[in-house]
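Numbering (mature numbering (1 follows the signal peptide of the UniProt record, and there is no 0)), first residue to last: -22 to -1, 1 to 323.
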């Protein structure tokens, strides 16, 4: 993995990063990563204090517009970076004249609003999730759901699926998972930042989905774990590749991302990884930057910030419900950022 990744460190000339407290840069994209970027920004600025000096203002201006819109704004050079859970292909990187690197991973929680059912009590299989979002399972009392939840008092009420209205990296990871594990979904709906949803209430951003689920009885939605926790929404246990029902938490997410430790491509898709303890719905957040990034204080500040986050941000990430990159991948990313060449596929 190290050899392959280092071979990709080309094309972006930056001088050695300097402390970024006085610089402000701009970004847009992932709502999945929004809470972590804000937390990292606050922690990074505290780490840059010198004696009585206090950094003034925000480190960066970030618009949680959704992954698709964020990459579009990067392509237009309207922002300094775009964040997404849908890694760009080689063709897209060439077309946008951009490079990308991973910074963190996180779980996609299946959250519900069913009276009397708390965290981890509801069990869902990939086939059930696919059938709900395809409109084939429409009631919580469906025999397929009851079969996986013996003894659970499921109501005979209509299911309200909630899905993203905007182009979304979370949706890309979610639909990639369903396409991998369910042939019907793969053949009819497929995967992407936007898909032709057969059913579902549209909502913008992870927060929009979470808010809609929270205010809609009998709803189900998919959101990042950090947002699920912040909104006090109970995540379901999802059956993994080993046949175990697993809830998203630090242990199950760490088990999932270990798959990437042996990968030769940092864009390795982490959905439905092997392992009895691995949570099956995991997304990696990628940051994309212009290949021709100017040698300015702003660009130096940006690279210093992301290098710090990968090197020192694990505790803040885990406190929110994210998980750090495997050590090998983190070392490659931080080294490339510190060495002026964060150009990896």
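Virtual Cβ for every residue (Gly too), placed ideally from N, Cα, C. Bear in mind that the values here come from a model prediction, so they are computed numbers and not experimental data.
Name the residue from the options whose alpha carbon lies nearest to the alpha carbon of residue i.
i           : options               : result
residue 220 : 129, 258 and 11       : 258
residue 224 : 200, 234 and 255      : 255
residue 314 : 79, 98 and 293        : 79
residue 1   : 172, 57 and 37        : 37
residue 177 : 9, 167 and 21         : 167
residue 285 : 316, 267, 16 and 269  : 316
residue 266 : 97, 152 and 73        : 73
residue 207 : 228, 222, 218 and 195 : 228
residue 195 : 147, 260, 157 and 132 : 132
On the premise that residue j lies in contact with residue i, defined as a C-beta separation below 8 Å, what is that separation, rounded to the nearest angstrom?
i           : j           : result
residue 87  : residue 226 : 5 Å
residue 84  : residue 299 : 7 Å
residue 159 : residue 104 : 4 Å
residue 153 : residue 173 : 6 Å
Taking 7 Å as the threshold (C-beta atoms), are residue j and residue i in contact?
i           : j           : result
residue 137 : residue 116 : yes
residue 291 : residue 18  : yes
residue 64  : residue 41  : no
residue 163 : residue 108 : yes
residue 304 : residue 201 : no
residue 251 : residue 263 : no
residue 199 : residue 187 : yes
residue 205 : residue 185 : yes
residue 66  : residue 60  : no
residue 45  : residue 62  : yes
residue 128 : residue 110 : no
residue 9   : residue 39  : no
residue 213 : residue 89  : yes
residue 269 : residue 75  : yes
residue 171 : residue 190 : no
residue 143 : residue 181 : yes
Quick check on the burial criterion: 16 or more other C-beta atoms within 10 angstroms. Buried or exposed for residue i?
i           : result
residue 312 : buried
residue 31  : Any answer about residue 31 is weak, because its pLDDT of 41 lies below 50 and its placement is not dependable; what the coordinates show is given next. With fewer than 16 Cβ atoms within 10 Å of its Cβ, residue 31 is classed as exposed.
residue 165 : exposed
residue 193 : exposed
residue 23  : buried
residue 26  : buried
residue 54  : exposed
### Inside the segment 148 to 191 only - alpha helix (DSSP H) runs reaching at least 4 residues
Runs found: 161 to 166.
### Message
Which runs of the alpha helix (DSSP H) at least 4 residues long sit entirely within the segment 215 to 291? Give them in chain order.
### Response
228 to 235 and 275 to 290
### Query
At which residue ranges does the segment 27 to 88 contain complete alpha helix (DSSP H) runs of 4 or more residues, listed in the order of the chain?
45 to 53 and 68 to 74
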